[in-house]
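Going down the list, the protein sequences come from chains X and U.
The numbering of the first sequence is our numbering, which starts it at 26 and goes up by one.
The numbering of the second sequence is our numbering, which starts it at 4 and goes up by one.
Note that the Cβ used here is the ideal one computed from N, Cα and C, for glycine as well.
Since this is a predicted model, take the numbers as computed values, not measurements.
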Amino acid sequence: MLAYVIRRLIATIPIMALVAIFVFLLLHLSPGDPAVIIAGDFATEAQIQEIRQQLGLNDPLHVQFWNWLMNLFRGDLGTSIYSGLPVSRLILQRVEPTLMLTLCTMVIAVTIAIPLGVVAAWKVGTWVDRVVMTVAVLGFSLPVFVLGYALILGGSVWLGWFPVQGYTSIFTSFTGFLAHITLPALTLGLVYMALIARMTRATMLEVMNEDYVRTAYAKGLSTRTVLVKHALKNAMVPISTTIGLGLALLIGGVVVTESVFAIPGLGRLTVDAVLRTDYPVIQGVILVFSLTYVMLNLLIDLSYVLFDPRIRY
Amino acid sequence: MTEAMTLSAAPPRPVPAGEPVLEVEDLRTYFDTRDGVVKAVDGLSFSLKPGEILGVVGESGCGKSITSLSIMQLVPRPPARFASGAIRFRGRDLLKLGHEEMRRIRGNEISMIFQDPMSSLNPVLTVGDQLTEAVILHQKLGKRAARDRAREMLDLVHIPEPERRLEEYPHQLSGGMRQRVMIAMALGCDPSVLIADEPTTALDVTIQAQILALMEEIRDKLKTAIILITHDLGVVAEMADRVLVMYAGRKVEEADVVELFERPQHPYTRGLMASIPRLTAAEMETAPPRLSEIPGIVPSLNALPPGCTFADRCPHVQDHCRRGYPPLEPKRPGHVAACWESHRLPEWQP
Ligand SMILES: Nc1ncnc2c1ncn2[C@@H]1O[C@H](COP(=O)(O)OP(=O)(O)O)[C@@H](O)[C@H]1O
Ligand SMILES: [Mg+2]
Chain X
26 MLAYVIRRLI
36 ATIPIMALVA
46 IFVFLLLHLS
56 PGDPAVIIAG
66 DFATEAQIQE
76 IRQQLGLNDP
86 LHVQFWNWLM
96 NLFRGDLGTS
106 IYSGLPVSRL
116 ILQRVEPTLM
126 LTLCTMVIAV
136 TIAIPLGVVA
146 AWKVGTWVDR
156 VVMTVAVLGF
166 SLPVFVLGYA
176 LILGGSVWLG
186 WFPVQGYTSI
196 FTSFTGFLAH
206 ITLPALTLGL
216 VYMALIARMT
226 RATMLEVMNE
236 DYVRTAYAKG
246 LSTRTVLVKH
256 ALKNAMVPIS
266 TTIGLGLALL
276 IGGVVVTESV
286 FAIPGLGRLT
296 VDAVLRTDYP
306 VIQGVILVFS
316 LTYVMLNLLI
326 DLSYVLFDPR
336 IRY
Chain U
4 MTEAMTLSAA
14 PPRPVPAGEP
24 VLEVEDLRTY
34 FDTRDGVVKA
44 VDGLSFSLKP
54 GEILGVVGES
64 GCGKSITSLS
74 IMQLVPRPPA
84 RFASGAIRFR
94 GRDLLKLGHE
104 EMRRIRGNEI
114 SMIFQDPMSS
124 LNPVLTVGDQ
134 LTEAVILHQK
144 LGKRAARDRA
154 REMLDLVHIP
164 EPERRLEEYP
174 HQLSGGMRQR
184 VMIAMALGCD
194 PSVLIADEPT
204 TALDVTIQAQ
214 ILALMEEIRD
224 KLKTAIILIT
234 HDLGVVAEMA
244 DRVLVMYAGR
254 KVEEADVVEL
264 FERPQHPYTR
274 GLMASIPRLT
284 AAEMETAPPR
294 LSEIPGIVPS
304 LNALPPGCTF
314 ADRCPHVQDH
324 CRRGYPPLEP
334 KRPGHVAACW
344 ESHRLPEWQP
C-alpha cells in the first residue's frame, strides 16, 4: 500500500511538471506585456524597462523558468500585479470559502444522491424512479447561474430564510456559515447530485441481478439489509469513481457559484484576476487547482481499498 | 391450532413420524411475458419426508430452478405469478404467508444453495460476515455466539483453519471451499429442508464427489431433508432416496431410486438413462456421466402442444399421444409416470 502510494506520487511528477510548464508559458505566450500592465497607463518607456529588469523579464526563457520554479518550491508564487501582495497569501486568504463550499457540496450531494439512486433502483419502473430520474435530468440541463439566481430569489428574497449573498467563516459563526453556504452548496451540488444518483441507480440495477444478492434474500434478510449491506457496498467502487470524476466538474461550477453568491473564494479570485489580467494570480490559482485535482484522483483510487477487498495495492 | 398461533415465534412443531415436512401441491408458476404466458412450473406436486433426499432431474430449462425459487418465494413477481397451488411446510401454506413471515422461514427453516459458488458469495464481505448473518437474524445470537457458531459450521463442512477462514474474503477460497462455505451458511440455523440447485455443476469432478459426500454426511448427521436438483442422473443414482423426473414444467415420473433405475416407465426417463455410460465407481469419480443428448429440444413453455409434451422427441410415440396430455398414474407400487404408452414399452435393459 505504502509502496503504491509512493509510486503514484512519483507518477504525478510528470503531470505536475507539464502543468508547471503550461502555467509558466501562459504568461509569456499571452497577449499583453506584464511590465506594461504593472507600470500603468502613463508610464514612460524607461519606467517599463526598469520593471522588466526587476521582474527578470529580460533573462532568457529557461533561466526565467528555472527561477520561477525554484521560487515555487519555496512557496513563492510571485506577486500580484494588481494588489502588490504575495500570490500565496492571496490564495491562502481565499482557500477557506472554496474548500468549505466544495466540501459541503460533496457532503450534501453524496448524502442525498446515493439514497435517491438506491431507491430509484429498488423501485425501478415505478413513479418514484421516474420522479428521481426526471429531477436528475433537470439537474443536468439547468445552468448553474440560473439555478443560483432562482434559489436566491426563492430562498432569500421571497422566503427570507437565507442571506442573499456573501460568506461567513465557519470559525466566526457556525450558524452564519450554514446560512451562507446552504444555497451555494445546493446550486453547485445539483449537477453533481444528478450525476451520482444516475450512476448509483445504474450500478445498483446491475448489482441487484447478481447471484450473491439472491443468496442474501435466500437468507431471509430484509430488503433494506440486502440493498445496503450486500448490493450498495458492491456498487461503491463505480460510484466513488463518479464522485471523484465529478469533482472536476465542480471546479468549473465553483467559479460561477462564487460569482453568483459573491463568495470571496478562489473562484472569485480567479475571475477578478482574469478581468485584471493579473497573471501571477492566474498562474497560482491554476497550479493550486491542478494539484488538488491530481491529489483527489489519488485519494479516490486509494478509497477503492475500502470497498473492494479484491483490490490490493 | 389457529393461523395466528402457528405464526407466533414458538419453535416449529415437530413433524409427526411418516408425515412429509414439505408438500407441494399443484404448483403453477407462470411468467407473464410479451410472448405469452410461460408455464415454467405447471401443476407440480410432490412431497418430502424428514431426512429424505429427493432428486429432481430434467434437462435444463424444464423448470427445476423455478420450482425451488417458488418454494423459497424468490421468483420475481411480476413477471411471475402463482396461478394455483399450495406449498405446505410444517402445516402452513407458504404461498399464503406475508413478506415478513416468509422472511422468518427463509434461511432459517428452509435454506438454499446455488449452482455457482463463485458468484453466489458476496465478494466484498468476509466469510465470517456472511456466515453469521443468518444466525444473528434468525436465532438472535450475539456477535460472539454467532462467530462460535460460524466456526462450528466451518468444522462441520470440513474447512481447515476455520478461525482464519472467517477473516478471509470469497476470492481467497477455491471453488470447492466456497461451496462448502455456502453449505455451512445454509445450515447455520439448522433448517429442516435444504434445497440444493445443481450444487456441483460448476465444480471439478473430484470436488463434485467431495461436495456430494459432504451433503450425504450432513443428511445423516442433521437429518436435514434435501431437495437435490441436478441434470445429472449419475448424481441422483448415487445420492437420492427418491427421484422426480421433470419435463417441460411437469413431473413425468417419480419413484424410489432403485425402482426408477430398474424399471423406468417414461420414455423421457429412459432417454436420460440410456446416455449414462456404464462406469465403475472409480470411473464415476473421474468422468461422471452427463445427461444424454435426447434428439430434439424442450418445447417452448409458452406454446405447449395439446398432447404429450414429449411426443415430438419420443421414439415410442403413437398418434393418440398428441391428442391429450397423459395423466400421471401409478404404474407400479410407489411408481407414477405420465405416459400413454408405458404398458407397451419394451422391457428395460439396464
Ligand atoms: N424471468 C423469466 N421470464 C420468463 N421466463 C422465465 C423467467 N425465468 C425463467 N423462465 C423460464 O422458466 C423455464 C424454467 O427455467 P428454470 O427453472 O431455470 O429451468 P432449469 O430446469 O434449467 O432450472 C425456462 O424455460 C425459462 O425460459
Ligand atoms: Mg436451473
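Secondary structure at P39 of chain X, three-state DSSP: helix, strand or coil?
Of the three classes helix, strand and coil, the one that applies to P39 of chain X here is helix, per DSSP.
Following a CB-centred definition, is L304 of chain U positioned closer than 7 Å to any heavy atom of ligand 1?
Yes.
For N259 of chain X, go through chain U and note every residue whose CB falls closer than 8 Å to its CB, in chain order.
Those are N125, P126, V127, listed as they occur along chain U.
Please list the partners that Y237 of chain X has in chain U, where partner means a Cβ-to-Cβ separation under 8 Å.
Those within 8 Å of Y237 of chain X in chain U are S122, S123, L124, N125, P126.
Out of X:F332, X:L275, X:I40, X:V306, which one is the CA nearest neighbour of L403 of chain X?
The question about residue 403 of chain X has no answer, for chain X in this structure spans 26 to 338.
Round the Cβ separation of E350 of chain U and V339 of chain U to the nearest angstrom and send it over; I've been treating them as touching at under 8 Å.
Contact flag wrong, Cβ pair sits at about 20 Å.
Do M218 of chain U and I229 of chain U have their CB atoms nearer than 8 Å?
Yes.
Taking the alpha helix (DSSP H) that E171 of chain U falls in, what are its first and last residues?
Per DSSP, E171 of chain U belongs to no alpha helix (DSSP H) and is neither H nor E.
Could you confirm whether any beta carbon from chain X is found closer than 8 Å to the beta carbon of D193 of chain U?
Taking Cβ atoms only, chain X never reaches closer than 8 Å to D193 of chain U, which makes this a no.
Is K146 of chain U near ligand 1, going by C-beta to nearest heavy atom under 7 Å?
No, the Cβ of K146 of chain U stays beyond 7 Å of every heavy atom of ligand 1.
Could you check whether the Cβ of I198 of chain U sits closer than 7 Å to any heavy atom belonging to ligand 1?
Result no, Cβ not under 7 Å from ligand 1.
Just to make sure I have the definition right: I need the residues of chain X whose C-beta is within less than 7 Å of the C-beta of A205 of chain U. Which are they?
Chain X residues near A205 of chain U: none, gap ~11 Å exceeds 7 Å.
Residue range of the alpha helix (DSSP H) that R150 of chain U falls in?
Looking at the DSSP string, the run of the alpha helix (DSSP H) that includes R150 of chain U is 146 to 159.
Please decide whether L169 of chain U counts as near chain X, where near means a Cβ-Cβ distance under 8 Å.
Not closer than 8 Å to any Cβ of chain X, the Cβ of L169 of chain U fails to qualify, so no.
Going by other Cβ atoms of all chains shown within 10 Å of its Cβ, with 16 needed for buried, is D101 of chain X buried or exposed?
Classification of D101 of chain X: exposed, given that the 10 Å Cβ count is below 16.
How about the stretch 241 to 253 of chain X and the stretch 110 to 121 of chain U: do they share at least three Cβ pairs that are nearer than 8 Å?
They touch, by the three-pair rule.
When the Cα of E346 of chain U is compared with those of U:F49, U:A277, U:H269, U:R316, which residue comes out closest?
A small fix is needed here, since residue 346 of chain U is His in this sequence, not Glu. When only C-alpha atoms are compared, the closest one is U:H269.
Could you pull the start and end residues of the beta strand (DSSP E) that R359 of chain U belongs to?
For residue 359 of chain U there is no data in the structure shown, the boundaries of chain U being 4 and 353.
Let me know the beta strand (DSSP E) ranges lying completely inside the stretch 193 to 226 of chain X, each 3 residues or longer, listed in chain order.
Entirely contained in the stretch 193 to 226 of chain X, not one beta strand (DSSP E) run reaches 3 residues.
Can you find a C-beta in chain X that's less than 8 Å from the C-beta of A137 of chain U?
Yes, its Cβ sits closer than 8 Å to a Cβ of chain X.
Kindly list, in the order they appear in chain X, the residues whose Cβ is closer than 9 Å to that of I95 of chain U.
Note that residue 95 of chain U is Arg in the sequence shown, not Ile. Residues of chain X passing the Cβ test: none, with the nearest at roughly 15 Å.
In angstroms with no decimal places, state the Cα-to-Cα distance between L98 of chain U and I268 of chain X.
Spanning the two alpha carbons is a distance of roughly 43 Å.
Output needed for P298 of chain U: all residues of its chain with C-beta closer than 8 Å, excluding positions within five of it in sequence on either side, in chain order.
R316.
Under 7 Å between beta-carbons, which chain U residues line up against L327 of chain X? List them in chain order, please.
Within chain U, no residue comes near L327 of chain X; the closest Cβ sits about 16 Å away, beyond 7 Å.
What's the C-alpha gap between I214 of chain U and N125 of chain U?
About 20 Å.
Taking the alpha-carbon positions, what's the M41 of chain X to A137 of chain U distance?
Those two C-alpha atoms are separated by around 51 Å.
In chain X, which residues lie with their C-beta within 9 Å of the C-beta of F92 of chain U?
Per Cβ cutoff of 9 Å: no residues; F92 of chain U is ~14 Å from chain X at best.
Is I74 of chain U near ligand 1, going by C-beta to nearest heavy atom under 7 Å?
No; taking the cut-off as 7 Å, the Cβ of I74 of chain U has no heavy atom of ligand 1 nearer than that.
Would you identify the three-state DSSP class for H323 of chain U, choosing helix, strand or coil?
Helix.
Give, in chain order, every unbroken run of the alpha helix (DSSP H) that is at least 4 residues long and sits entirely within the stretch 31 to 90 of chain U.
67 to 75, all fully within the stretch 31 to 90 of chain U.
Would the beta-carbon of E201 of chain U be found less than 7 Å away from any heavy atom of ligand 2?
Yes, since a heavy atom of ligand 2 falls inside the 7 Å radius drawn around the Cβ of E201 of chain U.
Out of curiosity, what's the CA-to-CA distance linking G173 of chain X and M229 of chain X?
Between G173 of chain X and M229 of chain X, the C-alpha separation is close to 31 Å.
So, is Q76 of chain U buried or exposed, given that buried needs 16 or more other C-beta atoms within 10 angstroms?
It counts as buried.
I want to check one thing, is the minimum distance from the CB of S68 of chain U to the heavy atoms of ligand 2 below 7 Å?
Checking every heavy atom of ligand 2 against the Cβ of S68 of chain U, one is found closer than 7 Å.
If S71 of chain U sits next to D200 of chain U, beta carbons under 8 Å apart, how far is it from one beta carbon to the other, in whole angstroms?
The pair is a contact, with the Cβ atoms about 5 Å apart (cut-off 8 Å).
Measure from the C-beta of Y328 of chain U to each C-beta in chain X and report whether the shortest distance is under 8 Å.
No, its Cβ sits nowhere closer than 8 Å to a Cβ of chain X.
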